[in-house]
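**Q**
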Amino acid sequence: LTSYKSWAHKCDFHRYLALIPDKYLNQASLAQISNETNETYHVEYTNRSRELFFNSNGLTILQPDGHDKEEYGRLTLKMLAALRDIYRRFSGRFEWLLKADDDTFVFMDNMKQFIAERNHSLPYTYGHNFRVIVERGYHSGGGGYLFTQEAFDRIGKALDANISYCHNSGYEDVDIGACLRRLKVYPARSLDDKGLERFHPTSFDSFISHQIPGWLFGYSENHPERVCDLSFFFLHRSLNSSFINWNNNSL
Numbered sequence: 029l030t031s032y033k034s035w036a037h038k039c040d041f042h043r044y045l046a047l048i049p050d051k052y053l054n055q056a057s058l059a060q061i062s063n064e065t066n067e068t069y070h071v072e073y074t075n076r077s078r079e080l081f082f083n084s085n086g087l088t089i090l091q092p093d094g095h096d097k098e099e100y101g102r103l104t105l106k107m108l109a110a111l112r113d114i115y116r117r118f119s120g121r122f123e124w125l126l127k128a129d130d131d132t133f134v135f136m137d138n139m140k141q142f143i144a145e146r147n148h149s150l151p152y153t154y155g156h157n158f159r160v161i162v163e164r165g166y167h168s169g170g171g172g173y174l175f176t177q178e179a180f181d182r183i184g185k186a187l188d189a190n191i192s193y194c195h196n197s198g199y200e201d202v203d204i205g206a207c208l209r210r211l212k213v214y215p216a217r218s219l220d221d222k223g224l225e226r227f228h229p230t231s232f233d234s235f236i237s238h239q240i241p242g243w244l245f246g247y248s249e250n251h252p253e254r255v256c257d258l259s260f261f262f263l264h265r266s267l268n269s270s271f272i273n274w275n276n277n278s279l
């Protein structure tokens, strides 16, 4: 995956969220794939979750319990299932959690500098802030968003008890934002000291060509054309899976 080769390998820990094809779950076909691709793989199971490991480069795909179909209208369920699964298996191990689509590019050095200056123990999330629909707004899912450890623990604990705790309209970013508000987790500002955006839910090309979508001006809390020198998120391609990774304080 391009995102893994370009930036995701710099993360302390990662998982791509996607369905794992059946051919990787059969030992005979897995051996055949390994011979054809000159790559070795292995699959691990935890309860009803599956993980596919690419042994040569460390890339890992997670199919969380409850995610059994890739459809746009099921994005919320996919995200809720992933957050629950990650909470059950990795709670307390990491101080930050980043959710990004795999068509996002992240400047990891800039992001690590950003989180090094912030408190992971506060109930906040960071992203491109939309000011509509949800009380106090929500983050653009396409632009990616960060959970502090406290924010993630609150939603993970709620989903562990009942995955239906969060409303599921199919609009992942809206639903996650509304659920976090129920848990008294709030979107913090991620602007630089000049008031410029760090998270961008459109491509870098759209800024160069001055072709920002008109709807973005009505949704965004801040002026979407103002780009920070230390930006770290741009949405740039059109693929269809999501990605989650973690970062410790030891950067």
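Just so we're on the same page, our numbering is the position in the sequence shown counted from 1, plus 28. For each residue, glycine too, the CB sits at the ideal point set by N, CA and C.
#1: Give me the Cα-Cα distance between N83 and D40, rounded to the nearest whole angstrom.
#2: Distance check for I89 and F81, CA to CA, integer angstroms please.
#3: For E99, name the three-state secondary structure that DSSP assigns.
#4: At the level of alpha carbons, what is the spacing between E225 and N66?
#5: Going by DSSP in three states, N157 sits in which element: helix, strand or coil?
#6: Would you check if the distance between the CB atom of L105 and the CB atom of N250 is smaller than 7 Å?
#7: Checking the sheet assignment: what are the DSSP bridge partners for Y214?
#8: Using alpha carbons as the reference points, say which of P49, H42, S248 lies closest to V162.
#9: Between the segment 95 to 115 and the segment 133 to 140, do three or more beta carbon pairs fall short of 8 Å?
#10: Suppose the cutoff is 7 Å on Cβ atoms and the five residues either side in sequence are ignored; what does the same chain contact list for D93 look like?
#11: Closest by CA to F122, which one among R164, F180, H167?
#12: Measuring only the C-alpha atoms, how far is K212 from N190?
#13: Are the Cβ atoms of R164 and Y214 separated by less than 7 Å?
#14: For the beta strand (DSSP E) that contains E79, what are its first and last residues?
#15: Can the beta-carbon of S192 be found less than 7 Å from the beta-carbon of P229?
#16: In chain order, what residues of the same chain lie with their CB nearer than 7 Å to the CB of L188, ignoring the 5 residues before and after it?
**A** Considering the structure as presented:
#1: 17 Å
#2: 7 Å
#3: coil
#4: 43 Å
#5: strand
#6: no
#7: Y152
#8: S248
#9: no
#10: N75, R76, S77, A109, D113
#11: F180
#12: 18 Å
#13: yes
#14: 77 to 82
#15: no
#16: In the sequence as displayed, the identity of residue 188 is Asp instead of Leu. These residues qualify, in order along the chain: R112, Y115, R116.
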